[in-house]
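Written below as structure tokens is the structure these notes are about.
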Amino acid sequence: TSVQGAVVVITGASSGLGKECAKAFHAAGARLVLCGRDAARLQQVVQDLKGSSTDQQKQTFTPCAVIFDLAKADTVDKAAEEILKCFGRVDILVNNAGVSYRGNIVDTHMSVQRDVMETNYFGTIALTQ
1 TSVQGAVVVI TGASSGLGKE CAKAFHAAGA RLVLCGRDAA RLQQVVQDLK GSSTDQQKQT
61 FTPCAVIFDL AKADTVDKAA EEILKCFGRV DILVNNAGVS YRGNIVDTHM SVQRDVMETN
121 YFGTIALTQ
């Protein structure tokens, strides 16, 4: 099935897999809402996509950027409202944002574990709801 014109929301869109998903969906003609914590990096992705060449038969749309941190529960509801203001709906949600920590579990403070879960689990659920 085609994603031409579909509204695709991508969290963690400022780098890595999220940025690559943004490129692929943009080239396919999706309407993008790019989400991330770093405004400058996210705006750079928007600029890169606006300047990218795509298949001339596919209409492309200027991506919308929404800056927020999934780990901060008090920002997710407002971000969801901003996301809906971009194109009025969400057809596809790519829950890509995530953080990691590498270290010995015995030496890792519980606050670090909570921070990881806040973004990777609770933040994802909150935005999906």
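Position one of the sequence shown corresponds to residue 1 (UniProt numbering), numbered consecutively onward. Don't be surprised by glycine CBs; every beta carbon is placed ideally from N, CA and C.
For residue i, does the count of other Cβ atoms within 10 angstroms reach 16, so buried, or fall short, so exposed?
i      : result
His109 : exposed
Ala39  : exposed
Ile10  : buried
Ile125 : exposed
Sort the options by Cα distance to residue i and report the nearest one.
i      : options                       : result
Leu127 : Val46, Thr62, Leu70, Gly12    : Leu70
Ala30  : Asp107, Gly88, Gly12, Ala6    : Ala6
Val45  : Leu84, Phe61, Ala22, Ile67    : Ala22
Lys72  : Ile10, Gly123, Gln129         : Gly123
Tyr121 : Phe61, Gly51, Val99           : Val99
Lys85  : Arg114, Asn104, Tyr101, Pro63 : Pro63
Tyr101 : Phe87, Gly88, Val90, Val116   : Val116
Phe61  : Ile67, Phe68, Phe87           : Phe87
For residue i versus residue j, is the C-beta distance shorter than 8 Å?
i     : j     : result
Val3  : Val94 : no
Ser14 : Leu49 : no
Ala24 : Lys58 : no
Gly12 : Ala97 : yes
Query - Whole beta strand (DSSP E) elements within the stretch 52 to 97, 3-residue minimum - result: Secondary structure in the stretch 52 to 97: the beta strand (DSSP E) runs of 3 residues or longer, each lying completely within the stretch, are 64 to 67, 92 to 94 in chain order.
Report yes or no: do the stretch 7 to 18 and the stretch 33 to 51 share at least 3 C-beta pairs separated by less than 8 Å?
Output reads yes: the stretch 33 to 51 touches the stretch 7 to 18.
Worksheet item: Taking three-plus beta-carbon pairs below 8 Å as touching, is the stretch 72 to 80 in contact with the stretch 96 to 114?
Response: With the cut-off at 8 Å, the stretch 72 to 80 and the stretch 96 to 114 do not touch.
*asked:* Restricting to runs no shorter than 4 residues, where is the alpha helix (DSSP H) found entirely within the stretch 3 to 44?
replied: Segments of the alpha helix (DSSP H) lying fully in the stretch 3 to 44: 16 to 27.
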